[in-house]
Structure formats: structure tokens, C-alpha cells
Amino acid sequence: MSAWVSGPNTAAILARDQHLYAGVSAYDTVGVYSPVGDHATLQCANVAQPDCSSTTWNYENRESRSITELVGHGKVRDTQRAERLRVESDCSLHISDLRPEDAGLYTCQQYLIEDGPQHGEDAHVLLSVLSISPPSPVTELNPGSTVTLHCILYTREGPGRCNKDSVHKPNLSWVTEKGTQLVDSRYKVETVLCQSTLTVTLRQEDNNRKWRCQLTVDSEVKTSHSYTTILSDNPGGKRTTTMSPTSPPSSPSKSDTTTIVVAVVVGCVVLCVAVAVIVIYRRRGTGVIDNRTTTNQDTGQSADTMTYSVISHPVTRPKEKHRDTEEQFTEYATINTAH
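Mapping of the sequence shown onto the numbering used here: residues 30 to 368, in sequence order.
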């Protein structure tokens, strides 16, 4: 069997081509399952050097018939996925922001010297990626309309393809948020190997609901993935159903925020005007506009010296027909100061 190979150590990888595809190894093949957008850590079971200088990670996908060296002697190679790859301190391979094309067979190998012979046996890890996709990203629907979701497990063999002869039996099912299977008659579920389709007639209570696809292997839950439907009114009277992997909390729109700010400002202005009017009317009612007290005191006076304080009371009286002047009354107060 031939394969396209890319990366350093091409000759060595080609020489082991048959061995790799056959999956011959002294170590058990480990299965890892994660949803799209999540991350996965692939453990290396045959580490020779603690500093990972001898560790090499290869990736093989049967659908593309290719083998790619992702990590050589502990260093991430320059590939299209390099930015999403990281070698951990225990020589495991960490993959972030998982995508369907990441599914496949990963092989950890050890080389004590560069371009030298392989040390020990291969350690295989099978990564499968779970994904959900609607017929279109955004669909306008009303309660009573129908929507179809597709749950696909991407494997080494390809999308939705499972090895029927495998000892481990994967199974996909649609469940509630509590993990119980959907049993209502309005749910139509069709499952073929590692692909399951859910067709549902939407109701008003389906607003902000998560539709979860769950993967079990040998009756053990391995992972799940979900989409959230959000129904919101629009001017046309229709419902808009938006499907996305996550459901972010809603925040006030720009127009709502502007309305709140304007209302607060107007309220403050009205309050200030009301206070000003009340103060003016109270002053007019008492007839007093100003009240100044002027004190003349010589700090050098003796204890028995009298101090005169002049207190002026300007009073504005109602204007009369033949009187345009204002009268000012002045009072004198005598204050005895003591030692």
C-alpha cells in the first residue's frame, strides 16, 4: 500500500508505511473523542527521553491517503496546523480549536538520534471529532415549522464512517440536557453508523433550547455536542431561528442604551427646574432677596470698648404707580466685648 508523505524523515516514514497502516504495535490503540471547537490531548505511551527530544508525532488519514510528520524530535513542524499544536511536558500532543479534518490516526515514535533507527514500538491514538450542522446557518421559522440537524462523527475512515468490525461500538443519540433520550413523537431520528439526523417541529418553548447529540462507546458516554435555537420576533411577524454552538447572554442594544441615557438626562433637568422654581417662590413670599451683615471691629480696643455693628436690610417693596425708589433700613447694634 502506498501513501503520500510530507515532512522530514520521509524515507524512514515510507519504510514503515505498511507497519503504520496495519496498526501493529506493542501498545493498545487509544481512542480520543472531542467535539468541534474544543481541544484534545493525545498521550504518548512510549516516551524515551523525558525532555521529548526523541519524540516524533505522525498523522495519518485514510481518506486522503497521506502521512504527515507534525512533531520531529520534540519540535512542532511547520505545517498548516502548527499554530494549533503544542508538545506538553510529558511529550503528549495538544490540539486546540478542533476541526473535522483533525480526525485520524496519530502515532508517537521515538528516535534517539536524528535520522537514526526507531527506538521501540509505535504508540497509536485514534482521534474522532463530533460535529453538528444545520441545513443553513440562519433559517427564518415560525413555531410549527420544521428544522433538521445533522450530527456527524469524523473518524480515521472519514465523516460518519465507523469500522463495523471494531471491538468498540460507537453510538450516537439525541438527548435532553439531563442526558435522557428524546422520545416525543414530534422528534424524528435517523441513525446510520456514525451519523445521526434529528428532524423536529419547533414550538414556542423551543426558544433558547439546546439540542444535544451524545456519543457513547460500549455504553460509556465519551462526549457530546449541542446547538442552541433562539427564536426572536421581527417586524415581519416571523420567527428567526439562529443555530450556533454556543448561546451568549443577550445584551442591551445600542438604541435601548441611548433611550435610557436620554430619559435620565431629561429627568435630571426637570428636577433641577422644579427645585429652582420652589426656591424663587419662597424668596418672593418672604420679600427678602439678600441679607448682609457687616461688622466693624477694631481688634485693638479694650475690654470695655463698645463695638458697633451695622446690619443692613435691603427690602424690595411692591412697585407703586408713582414710586420707583427702594427704601433701605439700617439698624445699629451695640455689643459689649469682654476680656
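Glycine included, C-beta positions come from ideal geometry on N, C-alpha and C.
- Judged by DSSP in its simplified three-state form, Val304 adopts helix.
- In the three-state DSSP reduction, Gly189 falls in the coil class, being neither helix nor strand.
- In the structure shown, Arg215 falls within a coil segment according to DSSP collapsed to helix, strand and coil.
- DSSP, reduced to helix, strand and coil, places Pro163 outside both helices and strands of the structure shown, so it counts as coil.
- In the assembly as shown, Asp131 is a buried residue. Its beta-carbon has 16 or more other beta-carbons within 10 Å.
- In this structure, His197 sits away from Val65, with a CB-CB distance that is not shorter than 8 Å.
- Ranked by Cα distance from Thr258, the options Ser63, Ser202, Glu249, Gln233 are led by Gln233.
- Remark: C-beta atoms of Leu127 and Leu155 do not approach each other more closely than 8 Å.
- Taking C-beta atoms as the reference points, Trp203 and Val218 count as a pair closer than 8 Å.
- Note: Tyr56 is not bridge-paired with any residue in the DSSP secondary-structure output.
- CA-to-CA, the gap between Val250 and Gly296 works out to about 58 Å.
- Out of Thr84, Cys242, Thr220, the CA that lies nearest to the CA of Arg106 is found in Thr84.
- DSSP places Glu89 inside the beta strand (DSSP E), whose first and last residues are 84–90.
- Separation of Leu244 and Asn200 (C-alpha to C-alpha, rounded to the nearest whole angstrom) is 6 Å.
- For Asn87, the number of other beta carbons within 10 angstroms of its own is at least 16, and it is reported as buried.
- Contact annotation: Leu159 and Gly189 have beta-carbon atoms that are not nearer than 8 Å.
- In the three-state reduction of the DSSP assignment, Ala152 falls in the strand class, which pools E and B.
- Counting every other CB atom within 10 Å of its CB across the protein chains shown gives Cys137 a total of 16 or more, marking it as buried.
- Inter-residue distance for Ala152 and Cys191 is about 21 Å (C-alpha atoms, whole angstroms).
- Its Cα nearest to that of Ala77, the residue Glu150 stands out among Tyr183, Val59, Glu92, Glu150.
- Around the Cβ of Glu117, a 10 Å sphere holds fewer than 16 other Cβ atoms; the residue is exposed.
- In the DSSP assignment, Ile96 falls within the unbroken beta strand (DSSP E) covering 95–101.
- One thing to note: Val59 has its Cβ no nearer than 8 Å to the Cβ of Ala69.
- According to the DSSP assignment, Val229 belongs to the beta strand (DSSP E) that extends over 224–230.
- Scanning its chain for C-beta atoms nearer than 7 Å, with the 5 sequence neighbours on each side dropped, one finds no residue around Val304.
- According to the DSSP assignment, His68 belongs to no beta strand (DSSP E), since it is labelled neither H nor E.
- As computed with DSSP, Gln78 is found in no beta bridge at all.
- Take the alpha-carbon of Gly208 and the one of Tyr140: they are about 45 Å apart.
- Assigned with DSSP and collapsed to three states, Arg106 falls in coil, not helix or strand.
- Following the DSSP letters along the chain, one finds Cys180 inside the beta strand (DSSP E) bounded by residues 175–184.
- Beyond the five residues adjoining it in sequence on each side, Pro172 comes within less than 7 Å, by CB distance, of Leu231, Arg232, Gln233, Arg268 in the same chain, given in chain order.
- The DSSP-derived three-state label of Arg115 is strand.
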